[in-house]
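Below is one structure; the comments refer to it alone.
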């Protein structure tokens, strides 16, 4: 099932569930996959930055991706960013064979000039095969590579297999508007734009023309509702829902410990059996866990989904 | 009036008001100074990053600082970060003569190792005079210099004139807890910790032991109330107030255009005559201005201070 | 055969030989291995930065390392730097099983503070097994991680299995002197120090206390002679030899195209069948190849080893 | 006297002479200026990176530039790079009034995309005045800004007052060839290209089409001879001369301590009264000074200019 460029909704970024001892947790993986489908996501992305891909061995990564692909009834996109094209090709071919809908490629930090970025994506597409749909991940805060809108346009126009932008430039609202204006004026073909950055600007991103979110915020069900409100033109309702979650979104978006927050909440919601990360990992202190619990209790006043039994026991 | 290490409250980061043609606007400077005092701030910081200091000539910078110092009834801290110690010393001496309470020093991006950072502050203190109180600005996202808590302790213990940390590490809550634990265990003397980062973690920062905020969020009056609630142990009230402002705090905190948002709101509130910045500057598109207006209208439901006449006219 | 901490001489950094079509070239690998032994190197390092490790798949990398280990009569060190500890452990165990003498680990660019660097090597050693000898690669220009001498001392003292420093800080002469002074004063146990950076400071590095070179300059036979001269106290002879090669060393040390120069000369010397690199790769223009040929002809006036038949045919 | 775009030769980068106590040394400044003229340079550049500009106050910088301009019989270019356009304009106007031939502008590290770089130079030219000739400094290793040749072309074509490139990209030979090919094909007007980087590739840079050197290597007289040989087609003679100096050029080119080497040798040659730098400064250890002395003694075998009385006294 290939990724659909016209879809609107949420691609959820899946964390990789581990047992306390660091082994991949298959039961949690299945439970998480089912949960995402129940949330109403239109797709799942595995092995992204927040999927701890660099901490997994090739066989583990492939097995995780295959397991999610087999179980999910929606397209699955697989992160294949790699220090070299050889590893990128191997993993791409393997996950495509396993049924992936597309692959996602982040730029290496060594890229500086516009031409270097464009050339990189040209060579990457040749390496994985020009028939393989790919997503450009635009995340300057992490990758130190800044892509001007005109560079994204060049990538899109040179590579017919580029189907989607994972947008997490920061600030980035104007970039969405510019890309959509390129489409309107006819200088760029249409691609999907799904936004990351933990969702912290999703309220306005969907108003600027984004098709939805591609992020792993610990309430993907909320993200689905928000995009649905926005698509229905219910802007105030979208903002009301968003604002209730913003204190937690903001807390989860901290570099270094964001994944720890995400896994902790997913564990608290009964989806993951453990919030273990592989090393190196940012961990939550006791104070930080209490802060997350406090935010969840406050959120529960507005959103039933945050009424967690386990949290009512805290304090 | 020297900065008090035991004070709790808000040091507001002052923008530099310009006329539409780029000249410094004295009338707005005075109005802004008075407004800050009315808000209940315990101090004002001028010529920081958000004060467009690098875009001002020496004489202009000195005149601006002197004007605010003369008019304000609270301590004024002046940013003196400079590419070399000669310029830092000149400006420090001049503003101290004019009545500044302290100076603030950010680390140059070339600093990498712990020792390099410690040595830099030692030499800076010698350059400006060991009797001159100074604030360490810890802002890795902008300056690319990461200071471990143990490095801050070394700076504090080697330099009796180091009186305050402007804390804007990100994530940074654990750093506050660690520094306060150093004090409790007796390995570091007490210094003030005031938090920046646009206030986006202020709700928890004050709970972790920060003395308040040093930031320029466009509602400093809210920051004052929040710190007051926190000091009184009214945590839920503090969070309620904070959460109402968070959508705008989040919007204002965007690198590149944050100052544009701040000046636009201060203009909308009748404090600045113009939201002009000197170049290079990030500007607000029409869409962005409408987004800010929308956030202000939503905020006005919770906080009377956001009921701006000018905004009611929009749309 | 384990790496010997007391040895003096040259660990040559081996490039990975490819056929024109990008497959690994076994015949050239064998010929190159034999050539290095004939040159008198005391060890070989494979899969370093200049070994195009990130461009190879796991199985290829392991096969290359195993082939060189089987054929060489000297210790072989294998680069195992990896974005995560899982891949690092897998490759380390595999190459140790195949007979490697030690592994080499470079720091990830995300490390900033002294403590972060020390913690990383502690966790890396735990991950690969505390019985596995490892080399610290200190190469700030490429990895953006600056290790103060005191940090290297902490790594050495916390990890008994740390046996060697690959030194390529720049400038770095004082660092060698400082580390050796730590040993003399008894605050650090002895480790080997082998210098990289293409050899461009090797003349003085050996005088400062380095044990030799670990670099892949295209005349490893010269490096062996230089270290031998230095060990014998023949400093002028060492400098005479070095100075004759410096124009080419300098040319080869250019980031981005240095490996292209190295492979081109090794091909010209009859050791590699092809100078092919895998993409992304810096390539030599026609003008650059002519410049290298010119440098080789000039070098041949001083060093018979540069009298290449193939080059006499050029022009 | 304006900078001539058709000149070939050497623009020497002047260090700023200080007394031992850190005051600017006027007598040494005059002696140095006269020495440079005697060397045969076609121009002098003051207040560059190696001129310790950021460590000087505005009035000092202006006085130094004016003094050199008054005394020199050749064009003087003044570095005016600044964190903001206000300071850049002020200094530019002042030195132009004092008789400077042109100003030199380096890009701030915040620039990332092609468009950002081009826009910066457009705004800088507007700020200083579109009639003021300026030099683009292209030095990625220090400024972290990478300018593709096509970006330089855009800057040249958008700004008639851009007269020269100070080229110190690394590696950079292909960039010179590409820029000259732009001129030949008619897509870019002619500008001067003078090369920096301490001269470490000057032997080939002049063969690729550079007009000469703009660097402060401690033997500018050698640089003048080298460019003269190259202009006369005496390539072997140029390389012979260059190779004799390369060990010292290489030693002087070390970041952090390069200026210390340069000032030490200029002091040894009797030109500067002191090799003092203002802080922060990289200093030469005793071992490093001995290494420089050794290199000078070896150089003296080939070049009479290195037969320094003071050095014969060492050892």
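Chains as they are written, first to last, in my numbering: chain A, 12 to 326; chain B, 12 to 326; chain C, 12 to 326; chain D, 12 to 326.
Where is the CB? At the ideal position from N, CA and C, for every residue including glycine.
Here the structure is a predicted model, which means the values were calculated and not measured.
To the nearest angstrom, how far is it from the Cα of residue 90 of chain B to the Cα of residue 216 of chain B? Linking residue 90 of chain B to residue 216 of chain B through their CA atoms gives a straight-line distance of about 23 Å.
Residue environment, residue 98 of chain A, which counts as buried when at least 16 other CB atoms sit within 10 Å: Buried: at least 16 other Cβ atoms inside 10 Å.
Thinking residue 83 of chain A and residue 48 of chain A are a contact (beta carbons under 8 Å), I'd like their distance in whole angstroms, please. Rounded, the Cβ-Cβ distance is 6 Å, consistent with contact.
Counting only Cβ pairs nearer than 7 Å, list the residues of chain D close to residue 66 of chain B. For a Cβ distance threshold of 7 Å, residue set 95, 96 and 97 of chain D lies close to residue 66 of chain B, ordered along the chain.
Helix, strand or coil at residue 139 of chain C [DSSP, three-state]: It is helical.
Using only CA atoms, which one of D:273, D:129 and D:255 lies nearest to residue 165 of chain D? Looking at D:273, D:129 and D:255, the one whose alpha-carbon comes closest to that of residue 165 of chain D is D:129.
Could you check how far apart the C-beta atoms of residue 231 of chain C and residue 21 of chain C are, in whole angstroms? I think they sit under 8 Å. A Cβ-Cβ distance of about 6 Å is found for the pair residue 231 of chain C and residue 21 of chain C, placing them in contact under the 8 Å criterion.
To the nearest angstrom, how far is the alpha carbon of residue 326 of chain D from that of residue 214 of chain C? Only weak support is given to the placement of residue 326 of chain D: the predicted model assigns it a pLDDT of 39, under 50, and the question is left unresolved by the model.
Under the three-state reduction of DSSP, which class applies to residue 39 of chain A: helix, strand or coil? If DSSP states are grouped into helix, strand and coil, residue 39 of chain A belongs with the helices.
Inter-residue spacing [alpha-carbon to alpha-carbon] between residue 234 of chain A and residue 52 of chain A: Straight-line Cα distance between these residues: approximately 9 Å.
Any beta-carbon of chain B closer than 8 Å to the one on residue 211 of chain A? For residue 211 of chain A, a Cβ of chain B is located within less than 8 Å of the residue's own Cβ.
Residue 69 of chain D - DSSP class collapsed to helix/strand/coil: It is helical.
Positions along the stretch 121-137 of chain A whose CB lies within less than 7 Å of some CB in chain D: Residues of the stretch 121-137 of chain A with a C-beta less than 7 Å from any C-beta of chain D: 123, 124, 125 and 126, listed in chain order.
Can you look up residue 323 of chain A in the DSSP assignment and give me helix, strand or coil? In this predicted model, residue 323 of chain A has a pLDDT of only 46, less than 50, meaning its place in the structure is not dependable; the value taken from the coordinates is given anyway. In the structure shown, the three-state DSSP call for residue 323 of chain A is helix.
Members of the stretch 280-298 of chain A that neighbour chain C once the beta carbon cut-off is set at 7 Å: Taking 7 Å as the Cβ-Cβ cut-off, the stretch 280-298 of chain A approaches chain C at 289, 290 and 291, given in chain order.
Along chain C, which residues have their Cβ under 8 Å away from the Cβ of residue 268 of chain D? Here the neighbours are 182.
8 Å Cβ cutoff met for residue 14 of chain B and residue 54 of chain B: Residue 54 of chain B sits close to residue 14 of chain B, with the two beta carbons spaced by under 8 Å.
I need the DSSP call for residue 204 of chain A, collapsed to helix, strand or coil. Residue 204 of chain A falls in the strand class under three-state DSSP.
Could you tell me whether the Cβ atoms of residue 79 of chain D and residue 101 of chain D are closer together than 8 Å? No, the pair does not count as a contact, with Cβ atoms beyond the cut-off.
May I have a chain-ordered list of the alpha helix (DSSP H) segments no shorter than 4 residues that lie completely inside the stretch 140-212 of chain C? Runs found: 151-154, 160-169 and 184-196.
Touch check for the stretch 23-37 of chain B and the stretch 279-299 of chain B: three-plus C-beta pairs under 8 Å? Segments in contact, yes.
Listing by chain order, which chain A residues have their CB less than 9 Å from the CB of residue 159 of chain D? In chain order: 123, 124, 125, 126 and 127.
Taking only beta-carbon atoms, is residue 188 of chain B less than 8 Å away from chain A? By this cut-off, residue 188 of chain B is an interface position.
Pick helix, strand or coil for residue 260 of chain B, following the three-state DSSP scheme. Here residue 260 of chain B sits in helix by DSSP.
On a CA-only basis, which of A:250, A:243, A:275 and A:261 is nearest residue 308 of chain B? Give me that one, please. Closest option to residue 308 of chain B, Cα to Cα, is A:250.
Could you give the first and the last residue of the continuous beta strand (DSSP E) run that contains residue 54 of chain B? Looking at the DSSP string, the run of the beta strand (DSSP E) that includes residue 54 of chain B is 54-57.
Beta strand (DSSP E) runs wholly inside the stretch 80-106 of chain C, at least 3 long, in chain order: Those beta strand (DSSP E) runs which fall completely within the stretch 80-106 of chain C and span 3+ residues are 87-90.
When the Cβ atoms of the stretch 292-308 of chain A are set against those of the stretch 172-192 of chain A, are three or more pairs found closer than 8 Å? Because the criterion of three Cβ pairs below 8 Å is not met, the stretch 292-308 of chain A and the stretch 172-192 of chain A do not touch.
At the 8 Å Cβ level, is residue 29 of chain B part of the contact set with chain A, yes or no? No, no contact with chain A.
Cβ-Cβ separation, residue 209 of chain D to residue 225 of chain D (assumed contact under 8 Å), whole Å: Actually they are not in contact, since the Cβ atoms of residue 225 of chain D and residue 209 of chain D sit about 11 Å apart, beyond 8 Å.
Identity of the residue in C:294, C:177, C:252 and C:86 nearest residue 275 of chain C by Cα: Nearest neighbour of residue 275 of chain C by Cα position, chosen from C:294, C:177, C:252 and C:86, turns out to be C:294.
Contact under 8 Å by Cβ, residue 270 of chain B with residue 118 of chain B: In terms of Cβ geometry, residue 270 of chain B and residue 118 of chain B do not form a close pair [threshold 8 Å].
Assigned exposure category for residue 297 of chain B - 16 Cβ within 10 Å defines buried: Exposed is the call here.
Distance, residue 255 of chain B Cα to residue 280 of chain B Cα: Distance between residue 280 of chain B and residue 255 of chain B, taken at the CA atoms: about 18 Å.
Quick check: what's the CA-CA separation for residue 133 of chain C versus residue 120 of chain A? In a straight line, the C-alpha of residue 133 of chain C is about 26 Å away from that of residue 120 of chain A.
What does the Cβ neighbour count give for residue 324 of chain C, buried or exposed, with the cut at 16 atoms within 10 Å? Because the pLDDT at residue 324 of chain C is just 47, under 50, the model does not fix this residue reliably, and the value given afterwards should be weighed accordingly. The residue is exposed, with fewer than 16 neighbouring Cβ atoms inside 10 Å.
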